[in-house]
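Structure first, commentary second.
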Amino acid sequence: MSNFVELSIAKAINAGLRKCMQDNPKVLMFGEDVAQLGGVFRVTEGLHAEFGDKQIFNTPIAESGIVGTAIGLAMRGYRPVTEIQFDGFIFPAFDQIVTQLAKMQNRSEGFTPMPVVVRVPYGGGIGAVEHHSESPEAYFAHTAGLRVVSPSNPNDAYWMIQQAILSDDPVMFFEPKRRYWQKGPVNLDEPPMDSYSARVLHEGSQLTIATYGPMTAVALQAVEIAASEGKSIELIDLRSLSPIDFPTIINSVKKTGRLIVAHEASTGFSVGSEVAARVAEEAFYHLEAPVIRVGGFDVPYPAAKLEEIFLPDADRILEAVDRSLAY
Amino acid sequence: MNANNSPAVPTVQLLNPEGDYGVPKEWATYGKYIDRLTEADFLKFYRDMARMRRFDREAEALQRQGQLGLWIPAIGQEAAQIGSGYGVGHNDHIFPSYREHGVAITHNIDLMSILKMLRGVNHGGWNPEETRFHLYAIVLGSQVLHATGYAMGVKMDGKVGNGDIENDLAVISYFGDGATAEGDISESFLFAAVNNSPIVFFCQNNQWAISSSVASQTKVPLYRRGEGFGVPGIRIDGNDVLASYAVTAKHMDDAREGAGPFMIEALTYRIGAHTTSDDPTKYRDASEVEYWKARDPLARFETFLRRQGISQDFFDEVDEAGEKLSAEIREATFALTTPPVENMFKYVYSDPHPRIQEQFEWIKKYEATFGEDAHS
Chain C
12 MSNFVELSIA
22 KAINAGLRKC
32 MQDNPKVLMF
42 GEDVAQLGGV
52 FRVTEGLHAE
62 FGDKQIFNTP
72 IAESGIVGTA
82 IGLAMRGYRP
92 VTEIQFDGFI
102 FPAFDQIVTQ
112 LAKMQNRSEG
122 FTPMPVVVRV
132 PYGGGIGAVE
142 HHSESPEAYF
152 AHTAGLRVVS
162 PSNPNDAYWM
172 IQQAILSDDP
182 VMFFEPKRRY
192 WQKGPVNLDE
202 PPMDSYSARV
212 LHEGSQLTIA
222 TYGPMTAVAL
232 QAVEIAASEG
242 KSIELIDLRS
252 LSPIDFPTII
262 NSVKKTGRLI
272 VAHEASTGFS
282 VGSEVAARVA
292 EEAFYHLEAP
302 VIRVGGFDVP
312 YPAAKLEEIF
322 LPDADRILEA
332 VDRSLAY
Chain A
1234 MNANNSPAVP
1244 TVQLLNPEGD
1254 YGVPKEWATY
1264 GKYIDRLTEA
1274 DFLKFYRDMA
1284 RMRRFDREAE
1294 ALQRQGQLGL
1304 WIPAIGQEAA
1314 QIGSGYGVGH
1324 NDHIFPSYRE
1334 HGVAITHNID
1344 LMSILKMLRG
1354 VNHGGWNPEE
1364 TRFHLYAIVL
1374 GSQVLHATGY
1384 AMGVKMDGKV
1394 GNGDIENDLA
1404 VISYFGDGAT
1414 AEGDISESFL
1424 FAAVNNSPIV
1434 FFCQNNQWAI
1444 SSSVASQTKV
1454 PLYRRGEGFG
1464 VPGIRIDGND
1474 VLASYAVTAK
1484 HMDDAREGAG
1494 PFMIEALTYR
1504 IGAHTTSDDP
1514 TKYRDASEVE
1524 YWKARDPLAR
1534 FETFLRRQGI
1544 SQDFFDEVDE
1554 AGEKLSAEIR
1564 EATFALTTPP
1574 VENMFKYVYS
1584 DPHPRIQEQF
1594 EWIKKYEATF
1604 GEDAHS
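Line by line, the protein sequences give chains C and A.
Under our numbering, think of the first position of the first sequence as 12, with each following residue one higher.
Under our numbering, think of the first position of the second sequence as 1234, with each following residue one higher.
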């Protein structure tokens, strides 16, 4: 009999962090305002009271410093988990992530693994000011040496953060910030699957939608509306963006013949672009229609009053479904 | 001469350019570190400075002959590197930039590891934890944050301030005058200061960041760069091996004992080019180079040793060892082979990653179609 509890995504990540910090005192949590305050989203709330300064501490507001010192701590045998306060603030750390964190294992020919997790609340839909709503995951998925994952629900959030911390490779952990308060059952006893497998959330026969992170709930809504109209759509939650579980996508496309990839990130040079190219390479003769990407526009993330136009919603996905089925 | 190397700046110098040894009253605390050295230590310092120079000249020749893709000369910086390298304790960790061939010598790094990188065989590949000499860092300042994080970890481990030289340790990070402009250096000072981390920041001010003079890189002498962050500093004569040894040893001891971070600026001079791709005649006067050649750190220390009564036999022996080193380096460089294709794929991740595995499988099959003409 499994032990289920109802948690929000934020609380599930908190519980996963707590578990790892209890199991291994070398697991450290640090970043801006993560200690007494619990982070601006309260994801680390209560951890400082439980573990104290030795395992969780605030840093100066210097993202390159946060990741750069995490690299040094990992060299010393720690397993640092860092929090970047918002997606749009990750760029001062981009150099340390791309030129150092991602390459250290390779540069040292395996002598210096980098068990570092970089947690990043990402995505829009919260009415925020500039630089607080972005989806920069493709930059990191493009970078060899990094693993990139994004949970879409509390159970995955609870387990994937633990799997990320246990990984000897650096993991970019993208947290769907507008879903932080979305609740769901968490199985405290048994992980659902490894972090790098995609999950078929809903089976269907006419078309496949692949998505991840905050867009998963939107896509599920589109699938349900389509079902009420008699259309059978298969929905895949990618969960991992590096590596991407292509066999699951390809198998689904071989069955349905049609694919839509949906995400919040700008469409050009995106995860959707990579999935579309790969499906064209591996399932060309199975396609009944071109792969369609549904994503944000190739513009800077707009001011909040326009974000509902920028972000794909169920209707935008359904518009693509209609185009694909009519092809 | 510019504001940054003005003689008005207080500078620790124990051996003057004429080779006279003396400890001014204000530097007595450093003089004690020289008092405990033996003649054997002095000879070791000289031997390694000469070894560093010989290695440098040989590597430059190998580059000119097309055997290395690039060489990064450090001639002129022997005292700064050999002195400070020996000031680092046997548990301490070293985070170099990319010109620290002399520091590598003092910690028994196989010099072929450095030539492998410059020949294009790999990007490093020695064991940093075991050697305590971390990998060369090409992105300026990047390694200083790693050193700072490492030092934070040392303190968390409780390895500071126990008065136990066998178990306590500190960290030293090397960087140049040009790197001080990078934000990572400032962030390192800050993180180290607020955490009171056991670290010494060792800046070799060789006065040229490729073609940019140090005057264009800083308004204030570099040893003061850490002050506002809470990192005190001192300038040393970087061409004085004894000052470099004593000041490094003293502040590594202090860091190990819990005094927190400290910065050393070693004022020296890059006699050669930035790299073999550089042409320094385009941006600096020959007279400036001549001025500094006259302050050669090796010649200065040789004068001192001869006055100590060290005989010609010793210097002959050093020359012979140099000839032997050159021959060994040449032979070992010629023997370096192209690495196997799998090296490009096998270290990217610790755990298997399907994209990398697929591409490795593909290139193996593709290469196989060339039969005997395939890469290894």
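For every residue, glycine included, the Cβ atom is placed at its ideal position computed from N, Cα and C.
CB contact below 7 Å: residue i versus chain C
i	result
H1356 (chain A)	yes
G1382 (chain A)	yes
E1553 (chain A)	no
M1234 (chain A)	Residue placement at M1234 (chain A) cannot be trusted, given a pLDDT of 44 that sits under 50; what the coordinates show is reported in the next sentence. No, M1234 (chain A) does not count as interfacial toward chain C.
H1340 (chain A)	no
F1495 (chain A)	no
G1409 (chain A)	no
Q1590 (chain A)	no
F1462 (chain A)	no
P1361 (chain A)	yes
E1575 (chain A)	no
L1247 (chain A)	no
G1466 (chain A)	no
L1423 (chain A)	yes
P1585 (chain A)	no
L1301 (chain A)	no
Neighbour flag for residue i against chain A, beta carbons, 7 Å
i	result
I108 (chain C)	no
C31 (chain C)	no
E214 (chain C)	no
T80 (chain C)	yes
D205 (chain C)	no
Q66 (chain C)	no
L246 (chain C)	no
Y89 (chain C)	yes
Closest Cα partner of residue i within the set the options
i	options	result
D1549 (chain A)	A:P1257, A:L1276 and A:D1511	A:L1276
P1250 (chain A)	A:D1487, A:F1495, A:A1307 and A:L1475	A:L1475
P1243 (chain A)	A:F1537, A:A1607 and A:D1470	A:D1470
L1402 (chain A)	A:I1327, A:S1346 and A:D1410	A:I1327
Y1599 (chain A)	A:V1404, A:A1479, A:V1574 and A:A1448	A:V1574
R1612 (chain A)	C:M86, C:R289 and C:E61	Any question about residue 1612 (chain A) goes unanswered here, given that chain A covers just 1234 to 1609.
V1354 (chain A)	A:L1301, A:G1394 and A:T1514	A:L1301
T1509 (chain A)	A:E1291, A:L1270 and A:A1241	A:E1291
K1392 (chain A)	A:D1325, A:E1272 and A:D1511	A:D1325
W1260 (chain A)	A:Q1590, A:L1569, A:A1601 and A:I1467	A:I1467
L249 (chain C)	C:A139, C:K266, C:Q232 and C:M204	C:M204
Y1502 (chain A)	A:E1311, A:K1388 and A:A1273	A:E1311
H1356 (chain A)	A:H1367, A:A1307 and A:G1416	A:H1367
F1288 (chain A)	A:V1336, A:M1389, A:T1262 and A:I1267	A:V1336
E1498 (chain A)	A:Y1407, A:R1297 and A:A1568	A:Y1407
I1398 (chain A)	A:G1322, A:P1585, A:A1554 and A:L1423	A:G1322
G76 (chain C)	A:S1317, A:F1278, A:Y1263 and A:H1379	A:H1379
S1317 (chain A)	A:M1485, A:G1493 and A:A1448	A:M1485
R29 (chain C)	C:G63, C:F257, C:Q193 and C:Y207	C:G63
Continuous beta strand (DSSP E) stretch holding residue i: start and end
i	result
E186 (chain C)	V182 to P187
L18 (chain C)	F15 to S19
A1326 (chain A)	Position check: residue 1326 (chain A) holds His in this sequence, whereas Ala was assumed. Element bounds for H1326 (chain A): H1326 to F1328.
S251 (chain C)	S251 to S253
Contact under 7 Å by Cβ, residue i with residue j
i	j	result
G135 (chain C)	P165 (chain C)	no
R1 (chain C)	I20 (chain C)	Outside the displayed span of chain C (12 to 338) sits residue 1 (chain C), for which this structure offers no information.
G1382 (chain A)	I320 (chain C)	no
L218 (chain C)	A230 (chain C)	no
H1334 (chain A)	M1282 (chain A)	no
M226 (chain C)	A168 (chain C)	no
S251 (chain C)	V127 (chain C)	no
F41 (chain C)	F68 (chain C)	yes
Q1437 (chain A)	G1409 (chain A)	yes
A1307 (chain A)	R1332 (chain A)	yes
N- and C-terminal bounds of the alpha helix (DSSP H) containing residue i
i	result
R1533 (chain A)	P1530 to R1540
G1318 (chain A)	E1311 to G1320
beta-carbon residue i near the ligand FAD non-hydrogen atom, thresh 6 Å
i	result
F185 (chain C)	Among the ligands in the structure shown, none appear at all, so the ligand FAD cannot be discussed.
Every unbroken beta strand (DSSP E) inside the segment 81 to 137 of chain C [3 residues or more]: 90 to 94 and 128 to 133
Those runs of the beta strand (DSSP E) which lie wholly inside the segment 166 to 221 of chain C and span at least 3 residues: 182 to 187, 194 to 198 and 210 to 213
Mind pulling the alpha helix (DSSP H) runs of 4 or more residues that sit fully within the segment 1348 to 1403 of chain A? 1361 to 1364 and 1375 to 1389
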